[in-house]
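Taking the working numbering, the leading residue of the sequence shown gets 22, the next gets one more, and so forth.
Following: one structure in structure tokens, then a few remarks.
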Amino acid sequence: MKNYYNPIFLLCLLAGLMSCEKEDSVFEQTADERLNATLADYQSQLSGAPYGWKGVIYPGAGGVYSFYFEFGDNNRVTMYSDFGLESAATPKESSYRLKAMQTPSLIFDTYSYLHVLADPSGSVNGGENGDGLKSDYEFSFQPNPDNPDELTLIGTKNQTRLVLIKATQEEAVAYDRGDLAKSFVFSNIGKYLTYFKRITLEGKEYEIAVNQIARTITLTWLEGSTVSSFTTAYYYSSTGVSFITPFVNGSVTVNGFSNITWDETKLSLGFTAAGTSLVVKEAAKPLKVDVDAPKRWYNAALAEDTYWVSETGFHLNGVDDAFNVNSLTNGTAYYYFYLYWPGYGPNYDGFGPVFVNDNALALYYLDAPGTPTFTNDGRVLFSGLGTLGTYPTSGPALAIRDYLYGSSGFYLIQLSDTTYDMVSADDAKGWIHWEK
């Protein structure tokens, strides 16, 4: 059968194709021209901010860090960073460029404080070798037309989020006079001799714990007999310490700490929170003892026939590795970590140093504590049955063993399923961090 086409239909089809051609040419510029115009707009935004930009970056390895940027129209940028005291006090100039990649992109193309976070060497930033802190220095802009005073960028390699907010004149002056570095006085909270620290706000007592490596602040308080807890990431700013997530408890809202002071003689930290001047106080025990924590710690390793690990041994009276276990050697073998191994033997545990010899882990001697005593008030008490191997008669191994057998015992503070802190119940001035 022959097919016949209606000429009117063909004319309509032709008209439709011509209409499509007109729609395709609705833009007066090519895609490249539009992308370049967008880049020019971003360039104008960055360099046109009269007082620069505050920046907050969230590396993939955790933590949060703040920056201050002044972008010039000559592809040069000056920045501060709260990564460390030096970068907070000393401005660093490097180059940047905007480039039309798959999306409009901002590239910091010479080494800068941003590169420190992304450096693959763990010795530079404390991250894992090969990854660093999993941060970025090449970013793509994310559309945000509703707020011209804020820019959000995503790293091209590790998807690191970088948020830029226009700074005020007052903030710009504060960064240039070194106020970001002055905020680091807050880090002196690590000089308190006791593990437990308290503040009182609006008549309520809060336990405050600061993890300066992970950059988190945890507030713990009691509602009746129930323990409540709040944790937020924090960063340093030109006014003090800023919370990523505000703390809210009833009518109290805390966005951070300002007016931070430190008395070196009294080892006393003060700051303002929610408009109230506070002083951090030492405490010898937790607000509420977790009476089951010692058994959980012990049984978690016992059930898996594994052990708890501590790299540095005990922190005591303000001194990390107070017994200097990192100095231990055994012939050519060198110290790697300390362990506590529940159920190491039929009626005893194992406590002692692990060494590295010819790239293999080695145990040369151990103390043999008996099964611990778990008290009704939430403490664990250790006592020794003897030793295994040729045990040192002096030095760090002997000193740390004697401290373990202190008569007051220890509280256990659970931080996660695999991490605990074991704190002296005598005065809370000694503690050891355990990981599994």
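C-beta: ideal position from N, C-alpha, C; glycine also.
With contacts defined as CB atoms closer than 8 Å, Tyr72 and Thr260 fail to qualify as a contacting pair. In the structure shown, Leu214 adopts coil according to DSSP, grouped into three states.
Taking C-beta atoms as the reference points, Glu228 and Val273 fail to come closer than 8 Å.
DSSP, read as helix, strand or coil, puts Glu149 in strand. For Gly151, the closest C-alpha among the options Glu159, Tyr158 and Ala139 is that of Ala139. Between the alpha carbons of Ala110 and His454 lies a gap of roughly 32 Å. Residues of the same chain with a CB within less than 8 Å of the CB of Ala389, apart from the 5 flanking positions on each side, are Tyr365, Gly366, Tyr369, Asp370, Gly371, Phe372, Gly405, Leu406, Gly407, Thr408 and Leu409 in chain order. For the set Tyr213, Pro307 and Val444, the Cα lying nearest the Cα of Trp318 is the one of Val444. A residue is called buried when at least 16 other Cβ atoms come within 10 angstroms of its Cβ; Glu192 meets this threshold and is buried.
Pro141 sits away from Tyr63, with the two beta carbons spaced by 8 Å or more. Around the CB of Ile78, 16 or more other CB atoms lie within 10 Å, so the residue is classed as buried.
Taking one beta carbon from each stretch, the segment 350 to 365 and the segment 329 to 342 have 3 or more pairs nearer than 8 Å; the two touch. Check the Cα spacing between Gly147 and each of Gln180, Ser204, Ile210 and Pro80: the tightest is with Pro80.
Under the DSSP assignment, Glu107 falls in the alpha helix (DSSP H) whose first and last residues are Leu106 to Ala110.
Each residue's CA atom was taken as its position, placing Thr173 and Asn179 some 15 Å apart.
Where Glu191 is concerned, the enclosing alpha helix (DSSP H) starts and stops at Gln190 to Asp197.
Relative to the Cα of Asp448, the nearest Cα in the group Ala324, Thr51, Gly430 and Ser437 belongs to Gly430. Annotated as distal: Asn338 and Lys203, with beta-carbon spacing of 8 Å or more. By the 16-neighbour rule on beta-carbons within 10 angstroms, Gly211 is exposed. The Cβ atoms of Tyr356 and Phe335 lie no closer than 8 Å to each other. Between Thr241 and Val231, the CB-CB gap reaches or exceeds 8 Å. Within the same chain, Pro80, Leu138, Ala139 and Thr181 come within 6 Å of Ser156 by CB-CB distance, once the 5 residues on both sides are set aside. Under the three-state reduction of DSSP output, Val137 falls in the helix class. Just so you know, the alpha carbons of Ser298 and Phe207 end up roughly 14 Å apart. Val248 is bridged by DSSP to Leu243. With a cutoff of 8 Å on beta-carbon distance, Tyr134 and Phe88 are scored as near each other. For Asn320, the enclosing alpha helix (DSSP H) stretches over residues Ala314 to Leu323. Ranked by Cα distance from Gly143, the options Ala82, Gln163 and Lys120 are led by Ala82. Within the same chain, and ignoring the five residues on either side of Asn57 in sequence, the residues whose Cβ sits closer than 7 Å to its Cβ are Ala121. Within the same chain, Cβ atoms closer than 6 Å to the Cβ of Ala70 are found at Lys187, the five residues on either side in sequence being excluded. Using a Cβ-Cβ distance cut-off of 8 Å, the segment 263 to 281 and the segment 90 to 102 are not in contact, since fewer than three pairs of beta carbons, one from each stretch, lie closer than that value.
In the same chain as Pro267, and ignoring 5 residues on each side of it, the C-beta atoms closer than 7 Å to its own belong to Thr274, Val275 and Asn276, in chain order. Counting along the chain, Leu201 sits inside the alpha helix (DSSP H) bounded by residues Asp200 to Lys203. Per DSSP, the unbroken alpha helix (DSSP H) holding Pro417 starts and ends at Pro417 to Leu425. For Asn57, the three-state secondary structure derived from DSSP is helix. The C-beta distance from Ala354 to Ala383 rounds to 6 Å, short enough to fall under 8 Å.
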